[in-house]
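Using my numbering, the letters of the sequence shown correspond one by one to residues 815 to 1065. All C-beta atoms, glycine included, are put in the ideal place defined by N, C-alpha and C. Every value quoted in this text rests on a predicted model; they were computed, and no experiment measured them. What follows is a short report on a single structure.
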Amino acid sequence: LNGTLYAVLEEGKDKKTKPVEFSSFNPDHKNALKKLKKNPTGIIRVLLVIKKTSSFSLVYRRNYMARKLFISVLGSTNYFQCKYQLGDFTSNDCYFVQTATLDLHKVRETWQETDRCYILLTKGDKGSKKNNWEDCPGKHYEHGLKYQLEEMRLPCPIIPKEINNEFDIWEIFNLLYGLVDEDYENYDGYDLYIDITHSFRYIPMLLVVFSNFAKFMRQTKVKSITYGNWEARNPETNIAPFIDLTPLVAL
């Protein structure tokens, strides 16, 4: 079993938790272990009577791996093809920086079905949902980011999240916090991979503040914050640098 055992003293509504020294020689513990083996993937409770005056619950909580989350904002402007580079990594030619960033993090090779990729979209006639997600009216590329991501055949779901009001800071903050609150009890925290290349005005700062807040509230770890600097590309090779902003979070 890959997990930790706790004894929870239940006295009315109050619950006090302390570690249990689990012994297979104890008949009560042995029976509890048999029940745990039948359901090792969730959280279950087995009643043990340690003392006549107190009742304890034996709780098994599996130590899950951290869930990986990729968070990016899609812009609505007309993008141009280039390659992105960071260290030894160089992407394929792409219009959307998100595809290059996902390859940078080896999502196709190392991520799992339980991980998530979130793309934040803005609404309205000029928003990214209408202009760069599915259809691309007036653009020199035929398909939007949704099609490009489907072509990558990632092992994890691609989930678009719509921003109702891009000027409402708290709406966006609550949307982001909801991403790390989903199924929180089933994972050993979250690993965040954030792309801020096309974030709207203040959103890069908001993402940094959010990531620090989530570190304390939901045991998240910021693994990467990157910016694809298309403007700084080499005109001869058409390679643009990725800027690694992750050290800013450590500050």
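The beta carbon of E956 lies closer than 8 Å to those of C950 in the same chain, with the five residues before and after it left out. Distance from Y1041 to T1011 at the Cβ level is roughly 5 Å; contact confirmed, criterion being Cβ atoms closer than 8 Å. Inside the region 996 to 1052, DSSP marks whole beta strand (DSSP E) runs of 3 or more residues at positions 1004 to 1009, 1034 to 1042, from first to last along the chain.
Per the Cβ contact rule, the region 1026 to 1035 is not in contact with the region 960 to 967 (fewer than 3 Cβ pairs under 8 Å). Counting every other CB atom within 10 Å of its CB across the protein chains shown gives K943 a total of 16 or more, marking it as buried. By the neighbour-count criterion, in which a residue is buried when 16 or more other Cβ atoms sit within 10 angstroms of its Cβ, Q895 is exposed.
In the three-state DSSP reduction, Y961 falls in the helix class (H, G or I). Shown here, R922 sits in a helix according to DSSP, grouped into three states. Residue state for T891 is assigned as coil, using DSSP reduced to three classes. For P969, there is no enclosing alpha helix (DSSP H), as DSSP marks it with neither H nor E.
For L1065, no alpha helix (DSSP H) run applies, since DSSP gives it neither H nor E. D1005 is positioned such that its CB atom lies closer than 8 Å to that of L883. DSSP, read as helix, strand or coil, puts A1054 in strand. Per DSSP, the beta-bridge partners of S886 are I933, D1009.
Going by beta carbons, Q912 and S886 fall inside the 8 Å limit. Per DSSP, reduced to three states, the secondary structure at L989 is helical.
Secondary structure at L900: strand, using DSSP grouped into helix, strand and coil.
N1043 sits away from P1061, with the two beta carbons spaced by 8 Å or more.
For K975, the secondary structure class from DSSP, reduced to helix, strand or coil, is strand.
DSSP lists C896 as the beta-bridge partner residues of C908.
Nearest to D917 by C-alpha distance, out of L934, E927, Y898, is Y898.
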